[in-house]
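> Start counting at 1 in the sequence shown, then tack on 101, and there's your number in the numbering used here. Heads up, the beta-carbon is just placed ideally off N, CA and C, and yes, glycines get one too. Below is the structure I would like to discuss, written out as structure tokens.
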Amino acid sequence: KDRLYVGNLHPTVDEYTLLQVFSRFGKVTKLDFLFHKTGLLKGKPRGYAFVEYGNKEDALKALTKAHEKPLRGRTLVVTFAHQAPLDQYGGSGMSSSKTRKTLMETGRPTTLSMLKTGPTRRHEGKTGDKIAMMEAKLRQMESTN
Numbered sequence: 102k103d104r105l106y107v108g109n110l111h112p113t114v115d116e117y118t119l120l121q122v123f124s125r126f127g128k129v130t131k132l133d134f135l136f137h138k139t140g141l142l143k144g145k146p147r148g149y150a151f152v153e154y155g156n157k158e159d160a161l162k163a164l165t166k167a168h169e170k171p172l173r174g175r176t177l178v179v180t181f182a183h184q185a186p187l188d189q190y191g192g193s194g195m196s197s198s199k200t201r202k203t204l205m206e207t208g209r210p211t212t213l214s215m216l217k218t219g220p221t222r223r224h225e226g227k228t229g230d231k232i233a234m235m236e237a238k239l240r241q242m243e244s245t246n
């Protein structure tokens, strides 16, 4: 109960800024500021962090005073860490149903929907052929070594 989730952070907010803001409410004992590990955004902030206080009272004070307050043009989302949003990026504070586009909106199936329905007839032959070609190439490479 002394660990807080802080979401919807502007990309320019860094660890120092968060410490400045959240130290006003009590002694911050730990700050987990998360960054993207892979992909195009590697090394960039994920848009959320976890702040831990030495006691529950300070955490509660930070939660009540910082939640829905602006920081660099964005409204902070502050909750207890065990209540953190399950949104993939963690930064929006909105429910995932509001942020994800459905098949109807984009006109294209999502990766998840394709995985759930399995391979479609038009792709089965192509995929099978590609796999066979890759296996043949691997066997050829193994035999030359």
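1. Go through its chain and collect everything with a Cβ distance to Pro112's Cβ below 8 Å, but skip five positions before and after it.
2. For Gly127, tell me which candidate among Ala233, Leu141, Asn156 has the shortest Cα-Cα distance.
3. Considering only residues of the stretch 105-147, which uninterrupted alpha helix (DSSP H) runs meet the minimum length of 4 residues and lie entirely inside it, listed in chain order?
4. Taking all protein chains shown into account, do 16 or more other C-beta atoms lie within 10 angstroms of the C-beta of Pro186, making it buried, or fewer, making it exposed?
5. Leu164 lies in the alpha helix (DSSP H); which residues open and close that run?
6. Report the three-state DSSP secondary structure of Arg175 (helix, strand or coil).
7. With distance defined between alpha-carbon atoms, name the residue in Asn109, Ala160, Thr228 nearest to Glu169.
8. Do the CB positions of Glu153 and Thr130 come within less than 7 Å of each other?
9. So, at 8 Å on beta carbons, what are the nonlocal neighbours of Leu120 in its own chain, with the 5 sequence-adjacent residues on each side left out?
10. Taking Leu172 as the reference, give the member of Asp159, Val107, Gln184 with the closest Cα.
Here's the rundown:
1. Around Pro112: Lys145, Pro146, Gly148.
2. Asn156
3. Look at the stretch 105-147 and you find these whole runs of alpha helix (DSSP H), each 4 residues long or longer: 116-123.
4. buried
5. Segment 157-167, the alpha helix (DSSP H) holding Leu164.
6. strand
7. Asn109
8. yes
9. Closer than 8 Å at Cβ, skipping near neighbours: Val129, Leu132.
10. Val107
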